[in-house]
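Notes follow the structure.
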Amino acid sequence: MSLKHSTLAVLVMLLWGANFVVIDEGLADVPPLLFLAMRFTFVALPLVFFVPRPQADWRTVVAVGSFMSLGQFSLLYIALELGMPAGLASLVLQAQVIFTIVIAAIVLKESPSRRQVVGASLGTAGLVLVVVAHGATAPIVPVLVMLGAATSWAIGNVIARQAGVASGFSLVVWSALVVPLPALGLSLVVDGGQEVGHALTHLSTVAIASTAYTAIGASLIGYGIFNSLLARYPASAVVPFVLLVPVVGIATAWIVQDEVPSVLELVGGAVMLVGVAAATISRRSSRRAEPSAPSSRDELASPTR
């Protein structure tokens, strides 16, 4: 990749890595499911009136939106609300890579390569170490909810792969339509109409800025750049940048929120990232390629929106 495009890739990882802390800060004033509805409203509108529909039937778009967006992010927001550290959340969510490999092997009958098997095994070992280390000093429920978010994302990956749909900008925009109404409805049931109404009429500057960042910065700008790079270069040249996300996430939480991970959490995280790298980084040359969708063997979904 050229220096310009490598710099853009790093910029996207900075946007996505900091996204976890931005979400966490916004949740201080807005219930999680309402906050989710607000975010995806601005992801979908008004762009849905200008962006062409993705090359997929409506059932695929709904399914991808249900798992990649509604399922993943509702559980992510709830986990953060329950006390999941933002930096650690950025790491645990990368378990979706491991889960995608396993689910694709079961559902799509894809035979993982030896490298993927070794990487997934190593990544799982690191993940277990992170969970055990965190559970020794804090409640384990938020971590389990985060693993549910990673599982939902992995299911969405497999649905998109089975349908032959690349995770393009149009799919991001149109699948976002699935989120707002169910999330708002659930918020009204869980939080009550009075709390939802109070939150909407007393939005703080932090909540507004957080919504703008997550919708415009992380989702639209981040995906716009990332998918343009995937169209220009092989996935094996672009996807490895994703490994920077938890590094940025942990560092941002450390600086902004004084979140200091334990030594065991850091060791487990390092082992997990090595495993994810082994499972996703191809030996293929990263030379410039004609615009095309990544193959099912090399494709890896982006870390967060």
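Under UniProt numbering, the first residue of the sequence shown carries the number 1, and numbering increases by one thereafter. The C-beta atom is built at its ideal place from N, Cα and C for all residues, glycine as well. Note that the structure is a prediction, hence the values are computed from the model and not measured.
Check	Outcome
Cβ pair Ala253, Val97 closer than 7 Å	no
Alpha-carbon to alpha-carbon, Val256 and Met146	21 Å
Simplified DSSP assignment, three categories, for Asp24	helix
Selected residue, minimal CA-CA separation from Tyr77, among Leu200, Asn19, Arg232 and Gly197	Asn19
Neighbour-count burial assignment, Arg39, 16 or more Cβ in a 10 Å radius	buried
Spatially closest choice to Gly156 from Ile140, Leu129, Gly249 and Val107, by CA coordinates	Val107
Limits of the unbroken alpha helix (DSSP H) element including Tyr77	Gln72 to Glu81
As assigned by DSSP and simplified to three states, the class of Lys4	helix
Every unbroken alpha helix (DSSP H) inside the UniProt domain "EamA" (143-278) [4 residues or more]	169-175, 180-191, 193-201, 205-212, 222-232, 235-238 and 244-257
Bounding residues of the alpha helix (DSSP H) (the contiguous stretch that carries Val48)	Per DSSP, Val48 belongs to no alpha helix (DSSP H) and is neither H nor E.
Range of the contiguous alpha helix (DSSP H) that encloses Leu93	Neither: Leu93 is in no alpha helix (DSSP H) and is coded neither H nor E.
C-alpha gap between residue 311 and Gln194, whole angstroms	In this structure the chain extends from 1 to 305, so residue 311 is not present and cannot be described.
Coarse secondary structure for Pro294, derived from DSSP in three states	With a pLDDT of 42 at Pro294, under the threshold of 50, the predicted position of this residue should be treated as unreliable, though the coordinate-derived value follows. Coil.
Alpha helix (DSSP H) segment containing Val64, residue limits	Trp58 to Val64
Distance cut-off 6 Å: His202 Cβ against heavy atoms of the ligand ZN	Within the structure as shown, the ligand ZN is missing, as the structure has no ligands at all.
First and last residue of the uninterrupted alpha helix (DSSP H) at Val30	Segment: none, Val30 is in no alpha helix (DSSP H) and carries neither H nor E.
Where the alpha helix (DSSP H) containing Gln55 begins and where it ends	Gln55 -> no alpha helix (DSSP H), and no H or E assigned at all.
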